[in-house]
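In the working numbering, the protein residues as written are 34 to 447.
Cβ coordinates follow ideal geometry from the N, Cα and C atoms, glycine included.
Remarks on the structure that follows.
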Ligand code: PMP
């Protein structure tokens, strides 16, 4: 094995390909696209299959035992996910399709009721489109001002500039926990303090935070936290929004239909209590069951070990890639980032590079990473992004660096 120089045995030992059927079946695959979606451990797949084989029925609606069991499984999963995310009041964790739907829920249900012409909405230049466009559209719909807080050259938020933008007129400060494009870990406590000073809603996009950091939503102090299950070993189509109870109780529902009502009169309807008020229609039950199993898997490993492992791999990858002529690694130092390394190779388009890497079994993402406002500020159209998770190891870093170097030589000789 090469390249283990700055890794102690403990973080490297975390890699557990054997737990992940897709990786176990493809020993030469170097999956470095976990920021887009993670692979799934067998325990998650088993939990979903077990649910369908033993417990499946439409929850909430039946008086019969099987439906009660499905209801219990659904809410039991909510309680386990809430515990994993440090949320004491599990009924304030609403299931959604993922981060995108969660952020749209806040921008629509809370935003349309609380934001008016002349107010200000502040987002950062780092945001994924899911935490940018809903706020931009809310501003357009209400006549509020939409303001972007710019970055320092290393891809961290310019906190002084941001602080001066968050005026008493500011109703929303929306920021990511971790940037999917650069890996930047943002100072959430400082951002929350700035929002609180003017009474603005502090909204955190946790899509890349929940999978890669030891998150306690209650301790973060945010008003709203959005996450996606598929990025944290869970299935696709499930994620959630955690929001302060008094805000959820005061705001209108996001969608209307079955389960979310208390009483439907001919002209007026009253709504159910939390979390039902925000979960209209037959819910995705297998999703929470699978995601709860994913949380159990992460808990058993220990998020502190996951963090150390990813940091070690990321700093090694940054070191190895930076040593290749023509490569520029974007974003902050390894101590300020999670498991993401975004880079460019001079003279080679990221799409061409990712296709060449694919021929070596190295899966990376090329493009704007749903962060076009950030790409404009970086002065690039696209980057190549390698993203790491607990099942990656030094062999993946070696394969990435070797493949990028081969591509460079091939292009140089072309
Ligand atoms: N925010 C960030 C930072 C993300 O990385 C992603 C997924 N790429 C999203 C939001 C959107 O998540 P989803 O597609 O699961 O809704």
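What's the C-alpha gap between residue 432 and residue 63?
So the two alpha carbons sit approximately 7 angstroms from each other.
Taking 7 angstroms as the line, does the beta carbon of residue 132 fall inside it for any heavy atom of the ligand PMP?
The answer is yes for residue 132.
Touch check for the region 132-145 and the region 250-260: three-plus C-beta pairs under 8 angstroms?
The region 132-145 is in contact with the region 250-260.
Which residue comes first and which comes last in the alpha helix (DSSP H) that contains residue 77?
Residues 75-87.
Looking at the structure shown, is residue 391 part of a helix, part of a strand, or coil, going by DSSP?
The answer is helix: DSSP assigns residue 391 an H, G or I state.
Applying the criterion that 16 or more other CB atoms from any shown protein chain within 10 Å of the CB defines a buried residue, is residue 193 buried or exposed?
Its Cβ having fewer than 16 others within 10 Å, residue 193 is exposed.
Is residue 44 helix, strand or coil when you go by DSSP?
Any reading at residue 44 must be qualified, since the residue scores a pLDDT of 43, below 50, and its modelled position is unreliable; the value itself is stated next. Residue 44: helix per DSSP, three-state reduction.
What ranges does the alpha helix (DSSP H) occupy inside the region 175-232, keeping only unbroken runs of at least 4 residues that lie completely in it?
Segments of the alpha helix (DSSP H) lying fully in the region 175-232: 192-198, 221-230.
Give the DSSP bridge partners of residue 396, in chain order.
Answer is 64.
With respect to 7 angstroms, is the separation between the Cβ of residue 232 and the closest non-hydrogen atom of the ligand PMP below this value?
Outside the cutoff, so no.
I need the boundaries of the beta strand (DSSP E) containing residue 117, first residue and last residue.
Segment 98-117 is the alpha helix (DSSP H) holding residue 117; no beta strand (DSSP E) there.
Give every residue of the same chain whose Cβ lies closer than 6 angstroms to the Cβ of residue 440, excluding the five residues on either side of it in the sequence, and list them in chain order.
Same-chain partners within the cutoff: 386, 389.
Check whether the region 276-295 and the region 307-317 are in contact - that is, three or more C-beta pairs closer than 8 angstroms.
Touching, yes, given that three or more Cβ pairs across the two stretches are closer than 8 angstroms.
Alpha carbon to alpha carbon, how far is residue 185 from residue 407? Give it in angstroms, no decimals.
Residue 407 and residue 185: Cα-Cα distance of roughly 12 angstroms.
So what does residue 311 bridge to, in DSSP terms?
In the DSSP output, where bridge partners are listed per residue, residue 311 has none listed.
Is residue 420 close to the ligand PMP? I mean its beta-carbon at under 7 angstroms from any heavy atom of the ligand.
It does not: the Cβ of residue 420 is nowhere closer than 7 angstroms to a heavy atom of the ligand PMP.
For residue 238, is the beta carbon positioned less than 7 angstroms from some heavy atom of the ligand PMP?
The answer is yes for residue 238.
Would the beta-carbon of residue 140 be found less than 7 angstroms away from any heavy atom of the ligand PMP?
Residue 140 Cβ: outside cutoff for every heavy atom of the ligand PMP.
Tell me the residue span of the alpha helix (DSSP H) that contains residue 154.
Not the alpha helix (DSSP H): residue 154 falls in the beta strand (DSSP E), residues 153-157.
Pick from 348, 171, 155: whose alpha carbon is nearest that of residue 201?
Checking every option, the nearest Cα to that of residue 201 belongs to 155.
From which residue to which residue does the beta strand (DSSP E) around residue 236 run?
Element bounds for residue 236: 234-238.
Should residue 415 and residue 158 be called a contact, given that it needs their Cβ atoms to be closer than 8 angstroms?
Their beta carbons are not under 8 angstroms apart, which means residue 415 does not touch residue 158 by this criterion.
Are three or more beta carbon pairs between the region 103-113 and the region 71-89 nearer than 8 angstroms?
A contact exists between the region 103-113 and the region 71-89.
CB of residue 267 to nearest heavy atom of the ligand PMP: below 7 angstroms?
Outside the cutoff, so no.
State the DSSP-derived secondary structure class of residue 415, mapped to helix, strand or coil.
Of the three classes helix, strand and coil, the one that applies to residue 415 here is coil, per DSSP.
Run through DSSP, which three-state label would residue 439 get?
The answer is helix: DSSP assigns residue 439 an H, G or I state.
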